[in-house]
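See below for the structure under consideration.
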Amino acid sequence: MAFVNNNHSLAMVPYVRQSDVAEQSQVCAHEPIKARVQRVMDSFCAHMKSLEENRYLSTYKALQLGGKETMESRMIRSAIAICPTHSEEETALRLFNYNKATQYLSHLTDENLSELLTTATPLGSGIGGEVLSMEVEGVPLFVKKIRLTPIEQQHLGSTLNLFELPSYYQYGVGSMGFGVWREISAHEMTTQWVLNGECQNFPLMYHYRALQRSTPPTMPTSEQLEERQRYVDDWNGSSTVGIRAQAADLASADVVVFMENFPQTLYKWLKAEGDKGNLTEQSIANLERELNMVTAFMKSRGFLHFDAHFHNILASNDHVYFADFGLAMSHKFDCSLEEMTFFEKHSSYDRYYVVSELVKNAIAATVHEGSEVLLNAYLSTEKMTTTLPSAVASIAERYRPIAVLMDKFFQGLRKESKSTPYPEAELSREWAKLQDM
């Protein structure tokens with residue numbers, strides 16, 4: 476898995492002046508044909524590499540302008556369409572599977588779909604819902620069941636903050652999310668980006684359906700009530716967080732989401748490659764590049780993932796796919812003024828979070844003994860006395876100030892208060908320094 480882009484448009488072939496051709500002809504008149512062809516190909520490849528690097532730099536910088544559509548972001552989306560990250564064959568297969576799965580699932584009755592789900596393989600469950608895997612018409616599916624609460628049944632499709640949850644509930648430290656319809660809306664956006672050829676780095680949503688749960692809701696036990704109270708206390712005692720949790724307990728239906736299946740997480744891929752000794756400075760740099768391109772793209776579309784750790788990013792065939800939109804936020808949602816203020820302040824949150832996760836996971840994957848001690852030293856403000864592996868040394872040094880700030884922020888969220896101030900100004904200053912390097 477190399478995380479490289481080998482697709483080039485014919486429109487990018489360099490213009491060659493006639494004077495250059497004449498000069499080269501004189502110099503190379505006695506050069507063997509095979510050597511001449513090789514030299515020309517080497518020159519062309521070097522030129523293409525330079526073009527690609529320049530395109531990345533200009534694209535990346537332009538996409539940092541903000542979370543609103545701009546002339547620059549439109550140009551960038553056009554450039555991505557001309558020079559896609561995926562090959563035509565990969566894209567064609569994804570669209571073929573999308574059409575096949577979508578048509579099959581959409582024609583099933585609720586009863587038939589519920590019966591089909593009984594054949595699925597459970598993968599686990601958590602605060603975000605239950606996940607399963609299955610196959611239809613030869614297409615592998617990843618399935619997620621999300622509780623449909625009573626208030627959400629009364630406001631079908633609404634992206635309002637129906638529970639009036641505090642904005643800090645957006646942070647991925649145990650949040651249940653703001654509701655099923657925001658998650659579905661996020662999937663609709665990302666799926667459309669893939670279908671439009673704007674950005675391929677998201678799993679396609681094939682279908683979703685609200686289905687009655689097979690067992691009716693039951694009253695929580697005393698132990699469960701005590702656990703919920705601890706949960707509420709952890710979220711600054713927010714009563715609306717408690718109401719949100721209680722509503723999930725009372726849900727009599729699920730919204731079942733059927734998605735494209737990429738079974739390997741980026742966390743597992745990095746660990747496996749590290750165990751095999753396959754991680755190099757170049758492979759990590761290529762991964763960094765694709766991750767940064769996706770976070771920049773999301774930012775340009777006014778979209779925040781808010782939980783892009785490496786268990787929520789998938790890896791397949793040299794690419795990454797941002798998944799699990801339980802905490803996603805968009806300027807297209809029906810947000811309050813307070814929420815939009817929070818959104819604007821966090822417009823660059825994903826890029827800081829993702830590069831911090833990249834560095835931490837890359838260090839853990841390349842340091843096989845004492846990685847936890849080394850990570851603690853890395854995330855402190857003290858001078859490091861241990862040399863990092865060459866594969867991660869450069870990227871770790873570059874992003875250390877960002878990683879330290881993000882780690883301190885999350886320590887505050889977990890151990891002190893969910894109202895811990897987000898260090899936006901400090902992060903922005905450190906990021907600006909990186910652009911000048």
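Take the position in the sequence shown, starting the count at 1, then add 475; the result is the number in the numbering used here.
All residues carry an ideal CB built from backbone N, CA and C; glycine is no exception.
None of the values given here were measured: they were computed from a predicted structure.
CB contact below 7 angstroms: residue i versus chain C
i	result
residue 698	Looking at the structure shown, chain C is missing, and only one protein chain is on hand.
Straight-line gap, residue i to residue j (C-alpha atoms, nearest Å)
i	j	result
residue 878	residue 612	44 angstroms
residue 834	residue 849	12 angstroms
residue 866	residue 694	53 angstroms
residue 808	residue 608	29 angstroms
residue 760	residue 623	41 angstroms
residue 902	residue 744	28 angstroms
residue 897	residue 884	7 angstroms
residue 836	residue 651	24 angstroms
residue 801	residue 657	8 angstroms
residue 869	residue 889	29 angstroms
residue 692	residue 661	27 angstroms
residue 614	residue 772	28 angstroms
residue 601	residue 904	37 angstroms
residue 900	residue 736	38 angstroms
residue 638	residue 631	14 angstroms
residue 783	residue 887	19 angstroms
residue 752	residue 758	12 angstroms
residue 852	residue 754	22 angstroms
residue 844	residue 863	12 angstroms
residue 696	residue 756	52 angstroms
residue 815	residue 659	20 angstroms
Selection from the options that minimises the alpha carbon distance to residue i
i	options	result
residue 606	729, 585, 764	729
residue 738	786, 702, 627	786
residue 819	832, 804, 829, 603	804
residue 794	821, 740, 747	740
residue 707	717, 658, 698, 699	717
residue 560	898, 816, 897, 764	764
residue 463	640, 894, 903	The structure shown does not extend to residue 463, since the chain is modelled only from 476 through 912, so no value can be given for it.
residue 645	858, 817, 859, 875	817
residue 590	872, 688, 667	688
residue 625	846, 569, 725, 766	725
residue 633	649, 648, 653, 599	653
residue 872	831, 588, 593	831
residue 767	874, 598, 721	874
residue 648	709, 592, 754	709
residue 671	755, 629, 566	566
Sequence-distant residues of the same chain with beta carbon closer than 6 angstroms to residue i, five excluded per side
i	result
residue 486	Low per-residue confidence applies at residue 486: pLDDT is 32, beneath 50, and the placement is therefore not dependable, though the value from the model is reported in the following sentence. Cβ neighbours of residue 486 beyond the five flanking positions: none.
residue 675	560, 561, 669
residue 770	825, 826, 829
residue 788	741, 795, 797
Burial state of residue i, where buried means 16 or more other Cβ atoms lie within 10 Å
i	result
residue 798	buried
residue 861	exposed
residue 571	exposed
residue 586	exposed
residue 917	The structure shown does not extend to residue 917, since the chain spans only 476 to 912, so no value can be given for it.
residue 719	buried
residue 880	buried
residue 774	buried
residue 812	exposed
residue 780	buried
residue 700	exposed
residue 665	buried
residue 916	No answer is possible for residue 916: the residues shown for the chain start at 476 and end at 912.
residue 663	exposed
residue 913	This structure gives no information on residue 913, because the portion of the chain shown stretches from 476 to 912.
residue 748	buried
residue 722	buried
Close beta carbons around residue i, own chain, < 8 angstroms, minus the five adjacent residues each side
i	result
residue 581	682
residue 536	For residue 536, the predicted model reports a pLDDT of 42, less than 50, meaning its position is unreliable; a value from the coordinates is still stated below. So the qualifying residues of the chain are 910.
Contacting residues, own chain, Cβ-Cβ under 7 angstroms from residue i (five flanking each side not counted)
i	result
residue 746	840
residue 713	641, 707
residue 776	none
residue 635	809
residue 856	879
residue 727	687, 688, 691, 692
residue 610	616
residue 842	849, 864
Please determine if the segment 673-689 and the segment 562-579 are in contact, where contact requires at least 3 C-beta pairs separated by less than 8 angstroms.
yes
Meets three-Cβ-pair contact criterion under 8 angstroms: the segment 719-734 and the segment 616-636:
yes
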